[in-house]
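Engineer: I have a structure I would like to understand better, so I am pasting it below and will then ask my questions one at a time.
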Amino acid sequence: MWKHTGQERPDFADTPGPGQESVWDYPRPPALVTSDELVDASVNYIPIASSRSALRVLETASPPTYYIPAADVDWRLLVATEHSSFCEWKGRASYFALASQPGAGPVAWQYADPSERFAALHEHVSFYPARVDCFVDGERVRPQPGSFYGGWITDRVAGPFKGAPGTGHW
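For what it's worth, the numbering used here labels the leading residue of the sequence shown as 1, then goes sequentially.
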């Protein structure tokens, strides 16, 4: 079993190419960094959110998760669900479904009252790339494996990524 020591990538990690980041160089606990990339979310070509002021959460073994400022989200397209979860780092998350398909499950989440370390996530929302169309600087995002995870895989990141079969011990 591999244990993150913060010193080196495991032998099974992909070697990042030019312009890439390895998710195995991301820290644990996660880091929160700003991004000026153009981050978009849409459904059936209808824009839900667009921003150049996103925040990225970077956590060992997971692709970045982009959080878009609430002011850059078209809230008319989303409705709150009763679903919630708890993250040991960020706090309690609440979830949102598409207003046009409220029973289809959540497409987005936010931390309304995040932990002190992640206070900047207040008034930000992230989207599941497996459930809506997400883009970073025009590149279509591929969803992180696993039904729970919301990481955004682009050509910029090298894995492998947590969530695939056999990665539960990471």
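Every residue gets a Cβ at the ideal spot worked out from N, C-alpha and C, and that includes glycine.
When you compare only the Cα positions, how much space is there between Glu82 and Ala112?
Structural biologist: When rounded, the distance between both Cα atoms is 14 Å.
Engineer: Which of helix, strand or coil does DSSP assign to Glu88?
Structural biologist: It is coil, neither helix nor strand.
Engineer: If Tyr67 sits next to Val79, beta carbons under 8 Å apart, how far is it from one beta carbon to the other, in whole angstroms?
Structural biologist: The pair is not a contact, with the Cβ atoms about 19 Å apart (cut-off 8 Å).
Engineer: Count the other C-beta atoms from every protein chain shown that fall within 10 angstroms of the C-beta of Met1, then say buried if there are 16 or more, exposed otherwise.
Structural biologist: With a pLDDT of 44 at Met1, under the threshold of 50, the modelled position of this residue cannot be trusted; read the value that follows with caution. Exposed, since its Cβ has fewer than 16 Cβ neighbours within 10 Å.
Engineer: Can you tell which of Arg156, Gly163, Ala164, Gly168 has the C-alpha that lies nearest to the C-alpha of Gly17?
Structural biologist: The shortest Cα separation from Gly17 among Arg156, Gly163, Ala164, Gly168 belongs to Arg156.
Engineer: Give the C-beta separation of Ala173 and Asp72 to the nearest angstrom, bearing in mind that I take them to be a contact with Cβ-Cβ under 8 Å.
Structural biologist: Nothing in the structure corresponds to residue 173, since the chain is present only between 1 and 170.
Engineer: Relative to the alpha-carbon of Pro106, which residue among Ser115, Pro69, Ala120, Ser126 has its alpha-carbon at the smallest distance?
Structural biologist: Closest option to Pro106, Cα to Cα, is Ser126.
Engineer: Measure the C-alpha to C-alpha separation of Val132 and Gly91 and round it to an integer number of angstroms.
Structural biologist: About 24 Å.
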